[in-house]
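Read in order, the letters of the sequence shown are residues 5 to 191 in the numbering used here. In this text, a Cβ means the ideal position worked out from N, Cα and C, and glycines have one as well.
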Amino acid sequence: MSIKSDRWITRMAQQGMIEPFAPGQTREVDGQKIISYGVSSYGYDVRCADEFKIFTNINSTIVDPKNFDPRGFVDVKGPVCIIPPNSFALARTVEYFRIPRSVLTICLGKSTYARCGIIVNVTPLEPEWEGHVTLEFSNTTPLPARIYANEGVAQMLFLESDEVCEISYRDRGGKYQGQQGVTLPRT
């Protein structure tokens with residue numbers, strides 16, 4: 005496997021791998037500095053959409069991945085999300101992905117957020133997975149933390165194999181295939 009360059013990412017995006025697609029680093033919108041998004045040297049910096057689910061304890065639910073209670077979240081829609089201290093939120097990417105059969109995609113948080121104690125977690129995007137990526141944000145600080153919608157939050161790295169996988173995510177009928185919006189755990 006090898007990490008793919010900006011030229012490869014641009015070529016794949018032209019084939020519908022990333023929509024919408026920013027061909028370079030966008031660092032400013034309407035004269036305002038933003039946290040960058042778009043193609044980087046060996047990856048693609050994704051944006052966070054304006055839909056958030058923030059963990060709450062008001063309903064005294066239990067976090068159980070096999071029997072997930074959606075009442076454990078408060079839905080927020082807007083240009084920013086404030087994550088309470090030592091808490092957690094879900095969001096989704098603006099971008100919709102269609103991962104090629106020979107590619108595995110790994111996501112890492114952007115250093116701007118990491119330096120603020122905000123951890124971005126995303127599980128790997130497997131070959132032939134498609135959808136909006138659900139983003140997981142952990143605020144590890146004792147202070148409230150702000151996440152900006154429509155700005156960069158994480159970087160996708162694309163690893164291409166010399167051969168296609170034998171069984172892809174689509175072949176297995178993966179439960180998160182084609183997900184839209186912020187997607188909660190499924191079993």
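Sheet register partners of residue i (DSSP bridge)
i: C79; result: It should be noted that the sequence gives Asp, not Cys, for residue 79. In the DSSP output, where bridge partners are listed per residue, D79 has K57.
i: K37; result: E32
i: G177; result: DSSP output for G177 lists no bridge partner at all.
i: L188; result: BP columns for L188 are empty, so no partner.
i: E23; result: Y100
Three-state class that DSSP yields for residue i in the structure shown
i: D68; result: coil
i: I122; result: strand
i: D10; result: helix
i: T144; result: coil
i: M16; result: helix
i: T116; result: helix
Cβ neighbour criterion (16 or more within 10 Å) applied to residue i
i: K70; result: exposed
i: V67; result: exposed
i: S40; result: buried
i: V43; result: buried
i: T191; result: exposed
i: I22; result: buried
i: E155; result: buried
i: I58; result: buried
i: T109; result: buried
Pair within 8 Å by beta-carbon distance, residue i and residue j
i: R105; j: P131; result: yes
i: K114; j: V157; result: yes
i: N143; j: I122; result: yes
i: L139; j: L94; result: yes
Nearest neighbour of residue i, chosen from the options [CA to CA]
i: L163; options: I22, G47, Q19 and V33; result: G47
i: G20; options: I122, I58 and E99; result: E99
i: S2; options: F77, I122, T145 and F56; result: Because residue 2 is not part of the residues shown, which for the chain are 5 to 191, the question remains open.
i: Y152; options: L161, T97, I110 and P74; result: T97
i: T127; options: I7, E134, R31 and C111; result: C111
i: L188; options: I7, D166, F56 and M160; result: F56
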